[in-house]
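Residue numbers (our numbering), protein chains in the order written: chain A, 1 to 111; chain B, 112 to 228. Note that beta-carbon positions come from the ideal geometry of N, C-alpha and C, so glycine has one too.
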Amino acid sequence: NAGVTQTPKFRILKIGQSMTLQCTQDMNHNYMYWYRQDPGMGLKLIYYSVGAGITDKGEVPNGYNVSRSTTEDFPLRLELAAPSQTSVYFCASRSDSYEQYFGPGTRLTVT
Amino acid sequence: AQKITQTQPGMFVQEKEAVTLDCTYDTSDQSYGLFWYKQPSSGEMIFLIYQGSYDEQNATEGRYSLNFQKARKSANLVISASQLGDSAMYFCAARWGLGAGSYQLTFGKGTKLSVIP
């Protein structure tokens with residue numbers, strides 16, 4: 001099993017550009033999450049999903065959108081990128097046991 | 112507000128010694144869970160250990176143990192026999208309650224552990 005995979009690993013965006021961060025899991029987990037980690041800080045929840053077709057906002061959702069059309073995929077969309085969105089983005093999934101499995105992260109720089 | 116506090120920005124430990132990383136939490140929920148994650152310099156998040164609020168025994172996983180003191184609202188991580196590979200950031204995290212909030216993790220700011228040869 002590949003677990004949770006994220007693409008791309010690195011990306012540089014100009015202010016105002018848009019992009020989609022991809023996340024896929026092959027563990028048939030219902031629950032999926034997007035976090036961001038700013039330098040020297042812990043992770044903050046952006047959006048989460050409890051199953052295909054169901055998403056909800058986390059602590060810091062502004063400037064992002066998500067969709068969940070399948071169990072496996074949970075893409076994160078950035079519209080009109082801003083320097084404040086420079087961060088490392090982690091996708092995670094979990095089974096019913098509460099443990100969350102994290103992807104390797106995407107390092108995004110907005111200049 | 113529910114939150115996690117890690118008061119040690121950085122810690123040093125001699126190789127083969129034990130070290131305790133502090134974590135306190137604030138919640139009024141009766142049901143919650145506490146996690147520790149390791150983040151090496153490569154950046155990935157590695158799950159170490161989990162303790163549920165109703166678990167009577169302290170959780171242990173190999174060299175990791177969680178010193179859970181419910182009355183003090185603390186969930187310290189103890190690493191025994193430190194190894195050079197233990198050098199990393201360590202994050203304490205929690206899920207709160209049984210409803211929708213239990214789907215989310217709240218993270219502390221982390222403690223950077225450096226193991227000295």
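Closest residue to residue i among the options (Cα-Cα distance)
i, options, result
"residue 179(B)", "227(B), 129(B), 145(B)", "145(B)"
"residue 112(B)", "147(B), 139(B), 166(B)", "139(B)"
"residue 91(A)", "155(B), 143(B), 121(B)", "155(B)"
"residue 197(B)", "114(B), 217(B), 174(B)", "174(B)"
"residue 207(B)", "153(B), 165(B), 215(B)", "215(B)"
"residue 14(A)", "78(A), 53(A), 24(A), 73(A)", "78(A)"
"residue 203(B)", "44(A), 58(A), 72(A), 71(A)", "44(A)"
"residue 242(B)", "126(B), 195(B), 116(B), 143(B)", "Any question about residue 242(B) goes unanswered here, given that chain B covers just 112 to 228."
"residue 85(A)", "60(A), 26(A), 69(A), 99(A)", "60(A)"
"residue 72(A)", "100(A), 24(A), 9(A), 57(A)", "24(A)"
Continuous beta strand (DSSP E) stretch holding residue i: start and end
i, result
"residue 114(B)", "114-116"
"residue 89(A)", "87-94"
"residue 52(A)", "No beta strand (DSSP E) contains residue 52(A), which DSSP labels as neither H nor E."
"residue 24(A)", "19-25"
"residue 77(A)", "76-78"
"residue 7(A)", "4-7"
"residue 224(B)", "222-227"
For residue j and residue i, the rounded distance between their alpha carbons
i, j, result
"residue 97(A)", "residue 151(B)", "24 Å"
"residue 51(A)", "residue 30(A)", "5 Å"
"residue 80(A)", "residue 87(A)", "15 Å"
"residue 35(A)", "residue 47(A)", "7 Å"
"residue 21(A)", "residue 136(B)", "32 Å"
"residue 7(A)", "residue 106(A)", "7 Å"
"residue 83(A)", "residue 182(B)", "42 Å"
"residue 103(A)", "residue 4(A)", "5 Å"
"residue 62(A)", "residue 55(A)", "14 Å"
"residue 123(B)", "residue 219(B)", "19 Å"
"residue 75(A)", "residue 94(A)", "16 Å"
"residue 190(B)", "residue 16(A)", "45 Å"
"residue 64(A)", "residue 170(B)", "37 Å"
"residue 114(B)", "residue 165(B)", "19 Å"
"residue 12(A)", "residue 19(A)", "10 Å"
"residue 221(B)", "residue 157(B)", "13 Å"
"residue 58(A)", "residue 33(A)", "9 Å"
Contact test: residue i Cβ vs the ligand GDP heavy atom, cutoff 7 Å
i, result
"residue 168(B)", "Absence of the ligand GDP from the depicted structure is noted, as is the absence of any ligand whatsoever, leaving it without description."
Buried versus exposed, by CB contacts within 10 Å (16 or more), residue i
i, result
"residue 188(B)", "buried"
"residue 37(A)", "buried"
"residue 49(A)", "buried"
"residue 162(B)", "buried"
"residue 199(B)", "buried"
"residue 65(B)", "Here chain B covers residues 112 to 228 and nothing more, so residue 65(B) does not appear."
"residue 100(A)", "buried"
"residue 193(B)", "buried"
Positions along the stretch 203-224 of chain B whose CB lies within less than 9 Å of some CB in chain A: Within the stretch 203-224 of chain B, contact with chain A at the beta-carbon level (separation under 9 Å) is assigned to 203, 204, 206, 211, 213, 214, 215, 216, 217, 218, 219, 220, 221.
Cβ-based contacts, 8 Å cut-off: residues of the stretch 42-58 of chain A near chain B: Taking 8 Å as the Cβ-Cβ cut-off, the stretch 42-58 of chain A approaches chain B at 42, 43, 44, 45, 48, 50, 56, 58, given in chain order.
Chain A contacts made by the stretch 151-176 of chain B, where a contact means CB separation under 9 Å: Flagged, chain order: 153, 154, 155, 156, 157, 158, 161, 163.
Interfacial residues, the stretch 84-95 of chain A to chain B, with Cβ spacing under 9 Å: For the stretch 84-95 of chain A, which is checked against every Cβ of chain B, the residues closer than 9 Å are 88, 90, 92, 94.
Contacting positions in the stretch 113-136 of chain B - beta carbon closer than 7 Å to chain A: Listed in sequence order: no entries.
Positions along the stretch 13-28 of chain A whose CB lies within less than 7 Å of some CB in chain B: From the stretch 13-28 of chain A, no residue has a Cβ closer than 7 Å to chain B.
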